[in-house]
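Protein chains in written order, with the working numbering: chain A, 6 to 421; chain B, 6 to 421.
By construction, the Cβ of each residue, glycine as well, lies at the ideal position given by its N, Cα and C atoms.
The next block holds one structure in the form of structure tokens; read it before the comments.
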């Protein structure tokens with residue numbers, strides 16, 4: 006047999022670099038991982054989940070609903086509570102009807118469903134430079150062409166977005182452009198939050214190119230880290246902006262509550278909702294109801310909000326530990342910002358100091374039992390610009406404050 | 006804007022007919038649904054799940070594991086317990102290593118992942134006539150070409166399978182043939198169970214055509230209903246047969262334990278495992294750990310087995326109620342068989358009596374507040390044979406014994 010039976014996707018799909026990083030963690034038992042996107046272990050809501058599961062299963066109504074099949078779109082009460090909460094955060098100004106809201110297996114699944122609903126082989130998505138690397142993994146496997154656009158601490162660089170759109174127009178590739186993907190809150194990997202004006206302006210800009218594209222161009226707003234703000238003021242979603250009929254909003258309860266209870270949600274444009282729903286039906290005909298009922302109960306009883314308050318304080322404290330250690334140990338040439346939420350600090354070394362997986366620095370860090378995510382992994386394979394290779398994503402999510410401090414100190418010694 | 010931004014898949018994907026059936030149930034509040042694949046509501050394991058969730062969350066180790074991210078392949082203990090159980094059922098003769106076992110969101114997700122890993126547009130899968138209609142939905146959305154092969158109460162008709170393979174060879178389409186899909190236990194929709202000799206012979210037959218195909222041709226064994234046997238003797242899986250290196254085995258805990266706890270599993274050929282794992286990583290990087298821990302605890306403590314025993318007795322009794330009612334109310338021209346497990350009775354009317362969604366009979370049944378799944382929905386769009394339109398799938402899973410008896414009586418009056 007010369008050939009395998011794989012599809013083109015099956016032949017194309019690459020091993021995710023994160024798998025290699027996770028293997029390192031296992032093979033180096035004493036490693037301090039500032040790489041993992043894992044959430045804080047000690048603050049996981051064990052008691053809360055115990056109580057919530059009890060409440061859900063003690064009542065015949067919610068108990069049976071929890072253990073039975075449901076609708077592909079998700080539990081109605083959870084969808085309602087989700088939009089209620091979204092409106093509280095957005096001051097009631099979001100265009101977010103319950104009947105266009107879908108519950109998913111984390112927001113990750115929604116990203117995947119959208120990749121199927123919108124993109125054919127060779128279609129284009131504009132992504133931030135840098136962006137969420139698992140989204141890049143989806144794009145790689147599905148041969149979606151990613152074009153990078155500059156990212157500033159206030160969000161997508163609008164002049165650069167216009168430049169990219171103009172380039173696509175001149176190339177005649179606008180008909181292939183389906184969406185702009187922005188991770189708008191405490192972005193993975195940079196920690197940056199997109200300001201509201203940027204979202205509004207980006208929507209306007211996309212609209213201008215729709216005629217040449219011949220179809221809608223969506224703004225896919227990934228708000229996975231929104232609730233993990235421990236400092237500063239929340240920003241309204243793109244659903245509150247003019248042009249919100251083009252906004253796809255992806256949210257999640259996994260990171261703010263518990264990553265083992267994988268429940269995310271999406272608010273979708275009218276024309277996309279039935280399509281995404283059908284694909285979801287084929288994937289799994291609905292997210293596990295037990296998880297949905299637990300989350301609905303958490304939201305309804307206030308347990309979610311109470312847990313979140315603790316979690317924010319905890320991440321705030323862990324971020325402060327990382328910030329203090331960086332201030333103490335990193336040389337002044339390393340550029341970074343204090344995070345206001347999320348799980349990450351993004352650190353830029355001078356260009357001569359490469360940080361990639363194959364770099365001497367990465368290997369020396371590993372020899373010192375410290376792991377970080379090389380910045381290069383978060384850049385799309387966009388041949389229209391060189392891929393930066395002198396940045397690090399440093400996570401304060403999983404590691405203890407002691408390990409964070411020690412890990413940063415070791416990196417600092419290597420950097421010096 | 007003239008065009009939408011949908012992908013070809015997005016444009017192609019049809020509304021599942023089951024959605025329309027579910028809508029009927031909602032719009033006719035007094036309806037007796039013999040259509041739903043829902044499992045029995047009163048026997049859902051509320052107390053058991055309460056206890057299991059307590060146990061899992063009371064211990065810091067399993068509790069944290071339950072609420073944290075895990076590996077894409079699934080929890081190691083659950084994978085081990087899964088294979089242990091499979092080997093118990095298969096007398097230790099299955100070729101099923103833990104390191105080729107993946108935990109999924111129900112077996113449905115595995116079917117989807119495989120459709121992505123193996124099939125390009127226009128590739129071919131051979132399916133039973135009739136087969137599981139959600140699998141046909143996946144195929145429709147992904148433009149996978151389904152060829153129907155005759156099904157007998159003992160499983161796939163081998164002579165007809167050979168005929169189909171010969172046809173594909175003559176057409177020159179064997180390079181597009183990737184798999185034979187069999188629902189081997191208490192099949193949805195017929196209730197038939199494939200005998201071991203049939204599985205072994207099918208594997209042998211597929212092997213003979215691999216040279217002309219130029220690649221492996223897999224046997225995808227969907228064992229979703231295996232554990233729901235209430236009569237007769239279990240049959241070993243295709244994993245116990247010669248040629249098992251071509252077997253993809255899909256199992257699930259959802260139906261035998263609780264459909265709201267969606268956990269399925271797959272045992273995959275060596276060359277497919279990493280590919281399916283990567284696609285799964287892009288979908289959701291792992292099934293929710295809380296569900297996995299609950300199932301692992303259920304298996305380890307015997308709670309799973311105890312619940313299953315009750316459930317089998319219950320379905321046995323419901324099946325008996327349906328059988329008694331059919332004997333009493335259906336005319337002799339209607340052909341059907343007593344089920345030994347699963348959730349369904351398959352009834353064939355004389356050819357002149359159409360049962361399809363648009364048939365007078367279906368409408369009259371609906372007017373009498375009785376719903377069934379028209380047999381036509383379970384047949385692939387295979388233009389190489391006419392699609393039968395005179396069968397019904399009658400489910401005894403969701404309805405009460407009283408409703409089953411009354412529903413069958415009403416259908417019987419319409420048939421007479």
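Query: Distance between residue 397 of chain A and residue 194 of chain A (C-alpha atoms, nearest Å); Result: 9 Å
Query: Which listed residue (A/65, A/109 and A/181) has its alpha carbon closest to that of residue 214 of chain A; Result: A/181
Query: Contacts of residue 234 of chain A in chain B (Cβ-Cβ under 9 Å); Result: Chain B residues near residue 234 of chain A: none, gap ~21 Å exceeds 9 Å.
Query: Backbone secondary structure at residue 22 of chain B - three-state DSSP; Result: helix
Query: Chain A within 8 Å of residue 150 of chain B, Cβ atoms only; Result: no
Query: Neighbour-count burial assignment, residue 322 of chain A, 16 or more Cβ in a 10 Å radius; Result: exposed
Query: Near-chain B residues of the region 113-133 of chain A - C-beta to any C-beta below 8 Å; Result: 113, 114, 117, 121, 122, 123, 124, 125 and 128
Query: DSSP three-state assignment for residue 109 of chain B, whether helix, strand or coil; Result: strand
Query: Proximity test, Cβ basis, 8 Å: residue 265 of chain B and chain A; Result: yes
Query: Helix, strand or coil at residue 269 of chain A according to DSSP, with G and I counted as helix; Result: strand
Query: Any C-beta of chain B under 8 Å from that of residue 15 of chain A; Result: yes
Query: Distance CB(residue 132 of chain B)-CB(residue 186 of chain B) smaller than 8 Å; Result: yes
Query: CB contact flag (residue 251 of chain B, residue 217 of chain B, <8 Å); Result: no
Query: Interface positions of the region 166-198 of chain B facing chain A (Cβ-Cβ less than 7 Å), listed along the chain; Result: 183
Query: Whether residue 147 of chain A touches residue 112 of chain A by CB criterion (8 Å); Result: no
Query: Under 8 Å by beta carbon: chain A residues contacting residue 8 of chain B; Result: 219 and 220
Query: Residue 396 of chain B at chain A interface by Cβ criterion, 8 Å; Result: no
Query: Length of the line joining the Cα atoms of residue 370 of chain A and residue 42 of chain A; Result: 18 Å
Query: Sub-8 Å separation of residue 339 of chain B and residue 420 of chain B beta-carbons; Result: yes
Query: The region 21-31 of chain A in contact with the region 374-387 of chain A per 3-pair CB rule at 8 Å; Result: yes
Query: 8 Å CB neighbourhood of residue 162 of chain A in its chain, flanking five on each side removed; Result: 154, 155 and 156
Query: Sequence-distant residues of its chain with Cβ nearer than 8 Å to residue 128 of chain A (five each side left out); Result: 149, 150, 181, 182 and 183
Query: Identity of the residue in A/275, A/263 and A/405 nearest residue 52 of chain A by Cα; Result: A/263
Query: Contact list for residue 78 of chain A against chain B, beta-carbon separation under 8 Å; Result: Simply none; closest approach about 11 Å.
Query: Three-state secondary structure assigned by DSSP to residue 255 of chain B; Result: strand
Query: Residue nearest to residue 258 of chain B in terms of C-alpha spacing, selected from B/303, B/235 and B/245; Result: B/303
Query: Residue-chain proximity (residue 73 of chain B, chain A), Cβ-Cβ < 8 Å; Result: yes
Query: Near-chain A residues of the region 248-265 of chain B (beta-carbon distance less than 8 Å), N- to C-terminal order; Result: 263, 264 and 265
Query: Alpha-carbon spacing of residue 277 of chain A relative to residue 299 of chain A, whole angstroms; Result: 28 Å
Query: Inter-residue spacing [alpha-carbon to alpha-carbon] between residue 86 of chain B and residue 61 of chain B; Result: 16 Å
Query: One or two residues paired with residue 146 of chain A in a DSSP bridge; Result: Residue 146 of chain A is not bridged to any residue.
Query: Residue 353 of chain B - containing beta strand (DSSP E), residue span; Result: 349-353
Query: Per-residue DSSP class, three states only, for residue 378 of chain A; Result: strand
Query: Chain A within 8 Å of residue 202 of chain B, Cβ atoms only; Result: no
Query: Partner residues on chain B for residue 223 of chain A, Cβ-Cβ distance less than 9 Å; Result: 10
Query: Amino acids of chain B, ordered along the chain, whose beta-carbon sits closer than 8 Å to that of residue 69 of chain A; Result: 46, 49 and 51
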